[in-house]
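Note that the sequence shown covers residues 166 to 390 in our numbering. What follows is a short report on a single structure.
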Amino acid sequence: MRRLLRDNALSLFFFALFVLAIVGQSIAGFLRTNEELAKHGEPVQNYLDFVFSSDFIVDVAENWQSEFLQFLLFIAATVWFVQRGSPESKLPGDEGVGTDEDQKIGEHAPDDAPDVAKNRGWKLVVYENSLVIVMGAIFVLSWLMQSLSGVVVANDEAAQHGESALSWAEYVVSPEFWDRTLQNWQSEFLAVGTMATFAIFLRQRSSAESKPVGAPHVVSAETSD
Numbered sequence: 166m167r168r169l170l171r172d173n174a175l176s177l178f179f180f181a182l183f184v185l186a187i188v189g190q191s192i193a194g195f196l197r198t199n200e201e202l203a204k205h206g207e208p209v210q211n212y213l214d215f216v217f218s219s220d221f222i223v224d225v226a227e228n229w230q231s232e233f234l235q236f237l238l239f240i241a242a243t244v245w246f247v248q249r250g251s252p253e254s255k256l257p258g259d260e261g262v263g264t265d266e267d268q269k270i271g272e273h274a275p276d277d278a279p280d281v282a283k284n285r286g287w288k289l290v291v292y293e294n295s296l297v298i299v300m301g302a303i304f305v306l307s308w309l310m311q312s313l314s315g316v317v318v319a320n321d322e323a324a325q326h327g328e329s330a331l332s333w334a335e336y337v338v339s340p341e342f343w344d345r346t347l348q349n350w351q352s353e354f355l356a357v358g359t360m361a362t363f364a365i366f367l368r369q370r371s372s373a374e375s376k377p378v379g380a381p382h383v384v385s386a387e388t389s390d
């Protein structure tokens with residue numbers, strides 16, 4: 166058990182933080198919602214009703230879709246674009262998908278490689294792009310969840326003001342939807358860009374996301390040795 170925890174400490178740490186954060190968000194949102202309902206003389210919700218409500222789901226989903234879009238674009242962009250000196254980037258001149266030898270596939274696959282990497286065909290094509298595919302699928306599903314729950318919230322608010330309801334198609338092209346969406350996207354793009362740039366000049370000793378402390382600014386982590 167100790168070895169299992171050590172070998173998976175990074176993922177377990179962040180999944181634990183995720184659980185604590187989303188439970189905290191749900192409790193804070195539940196209390197805030199019931200405070201607002203009480204102020205307007207409306208009946209309060211129970212906790213489970215709130216967690217499965219469109220109000221809570223839209224807030225969760227709009228953050229999820231922006232996070233997975235960030236990873237999707239970063240993974241894809243780093244195939245073709247480089248940033249000299251950043252440990253988040255390949256070396257200048259290494260742009261592109263690389264050779265089979267570089268990627269250790271087909272006849273270049275080592276004995277302990279995944280079986281799919283040793284063969285050709287559509288399975289290999291899917292596997293060698295599986296990270297982008299999965300990140301893209303989660304982004305699309307989160308985006309759909311955001312839009313479907315968002316239109317419910319928007320129509321509830323419209324009904325309170327005596328306004329007509331929107332269809333899903335009308336909602337996803339509305340200023341409200343894109344205001345909520347782009348608020349998240351711009352912050353994610355800024356965070357990724359600053360991380361790739363700051364890591365050229367700044368260091369964090371022993372972090373996998375940083376170059377060695379004494380590495381020159383102009384080289385990446387791959388060449389710092």
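Every residue gets a Cβ at the ideal spot worked out from N, C-alpha and C, and that includes glycine.
**OP:** Could you pull out every unbroken alpha helix (DSSP H) segment of at least 4 residues lying fully inside the segment 200 to 265, listed in chain order?
**Re:** 212 to 216, 219 to 245
**OP:** Check whether the Cβ atoms of W245 and G261 lie closer than 9 Å to each other.
**Re:** Your numbering for residue 245 matches position 80 in the sequence shown. Your numbering for residue 261 matches position 96 in the sequence shown. For W245 and G261, yes; Cβs fall inside 9 Å.
**OP:** Measure the beta-carbon distance from L237 to V297 and round it to whole angstroms, keeping in mind my assumption that it falls under 8 Å.
**Re:** As a first step, residue 237 must be located in the sequence shown, where it is residue number 72. As a first step, residue 297 must be located in the sequence shown, where it is residue number 132. Between V297 and L237 the Cβ distance is about 6 Å, and since that is below 8 Å, they are a contact.
Original post:
How would you write the range of the alpha helix (DSSP H) that I298 sits in, first residue to last?
Top reply: Taking the sequence shown and counting its residues from 1, the one referred to as residue 298 is at position 133. Looking at the DSSP string, the run of the alpha helix (DSSP H) that includes I298 is 295 to 325.
**OP:** Taking only the alpha-carbon atoms, compute the straight-line gap between Y292 and H273 and give it to the nearest angstrom.
**Re:** Indexing the sequence shown from 1 puts residue 292 at position 127. Indexing the sequence shown from 1 puts residue 273 at position 108. Y292 and H273: Cα-Cα distance of roughly 16 Å.
Subject >> Proximal residues to G301 (C-beta, below 7 Å), its chain only, five neighbours per side dropped >> reply: Position 136 of the sequence shown holds residue 301. For G301, where only same-chain residues beyond five positions count, the Cβ hits under 7 Å are L237.
Original post:
Expressed to the nearest angstrom, what Euclidean distance is found between the alpha-carbon atoms of S389 and V299?
Top reply: Within the sequence shown, the letter at position 224 stands for residue 389. Within the sequence shown, the letter at position 134 stands for residue 299. With a pLDDT of only 46 at S389, under 50, the local geometry of the prediction cannot be trusted, and no value is derived from it.
**OP:** Tell me whether the beta-carbon of E374 lies closer than 9 Å to the beta-carbon of P275.
**Re:** Numbered from 1 along the sequence shown, position 209 holds the residue referred to as residue 374. Numbered from 1 along the sequence shown, position 110 holds the residue referred to as residue 275. No, they are not a contact pair.
Original post:
With 16 other CB atoms within 10 Å as the buried threshold, where does A319 fall?
Top reply: Stepping through the sequence shown from its first residue, residue 319 is reached at position 154. Looking at its Cβ environment, which holds 16 or more other Cβ atoms inside 10 Å, A319 is buried.
Original post:
Ordered along the chain, which non-local residues of its own chain (more than five positions away) have a Cβ less than 8 Å from that of I331?
Top reply: On the sequence shown, residue 331 is found 166 positions in, with the first residue counted as 1. Per the sequence presented here, residue 331 reads as Leu, with Ile not at that position. These residues qualify, in order along the chain: V316, A319, N320, A323, S339.
Subject >> Separation of T346 from F178, as counted between CA atoms >> reply: Walking along the sequence shown from the start, residue 178 turns up at place 13. Walking along the sequence shown from the start, residue 346 turns up at place 181. Straight-line Cα distance between these residues: approximately 28 Å.
Original post:
Do the segment 276 to 292 and the segment 304 to 313 make contact, defined as three or more Cβ pairs closer than 8 Å?
Top reply: no
Original post:
Which one of F342, H382, D344, N294 has the shortest CA to CA distance from A361?
Top reply: As a position in the sequence shown, residue 361 is number 196, starting the count at 1. When only C-alpha atoms are compared, the closest one is H382.
Original post:
Considering only residues of the same chain and omitting the five flanking positions on each side of S314, which have a CB-CB separation below 7 Å?
Top reply: By 1-based counting over the sequence shown, the position of residue 314 is 149. Contacts found: S219, I222, V223, A226.
**OP:** Taking 9 Å as the cut-off, decide whether the C-beta atoms of Q351 and W229 are in contact.
**Re:** By 1-based counting over the sequence shown, the position of residue 351 is 186. By 1-based counting over the sequence shown, the position of residue 229 is 64. No, Cβ-Cβ distance for Q351 and W229 is not below 9 Å.
Subject >> Helix, strand or coil at D344 according to DSSP, with G and I counted as helix >> reply: Along the sequence shown, one-based indexing puts residue 344 at 179. If DSSP states are grouped into helix, strand and coil, D344 belongs with the helices.
**OP:** Grab me the residues of V216's own chain with a C-beta within less than 6 Å of its C-beta, minus the 5 sequence neighbours each way, in chain order.
**Re:** Indexing the sequence shown from 1 puts residue 216 at position 51. Within the same chain, V216 has close Cβ partners S191.
Subject >> Cβ shell of E335 (< 6 Å), same chain only, five flanking positions each side left out >> reply: As a position in the sequence shown, residue 335 is number 170, starting the count at 1. Taken in chain order, the list of residues that qualify is empty.
Original post:
Expressed to the nearest angstrom, what Euclidean distance is found between the alpha-carbon atoms of A193 and L185?
Top reply: On the sequence shown, position 28 is the one that residue 193 refers to. On the sequence shown, position 20 is the one that residue 185 refers to. So the alpha carbons of these two residues sit roughly 12 Å apart.
Subject >> Rounded straight-line distance, which links the Cα of V290 to that of S372 >> reply: Locating residue 372 in the sequence shown gives position 207, where the first residue counts as 1. Locating residue 290 in the sequence shown gives position 125, where the first residue counts as 1. C-alpha separation (whole angstroms): 32 Å.
**OP:** Note the first and the last residue of the continuous alpha helix (DSSP H) segment covering R370.
**Re:** Residue mapping note: residue 370 aligns to position 205 of the sequence shown, counting from 1. Here R370 belongs to no alpha helix (DSSP H), and DSSP marks it neither H nor E.
Original post:
Since L331 is in the alpha helix (DSSP H), which residue starts that stretch and which ends it?
Top reply: If you number the sequence shown from 1, residue 331 lands on position 166. Here L331 belongs to no alpha helix (DSSP H), and DSSP marks it neither H nor E.
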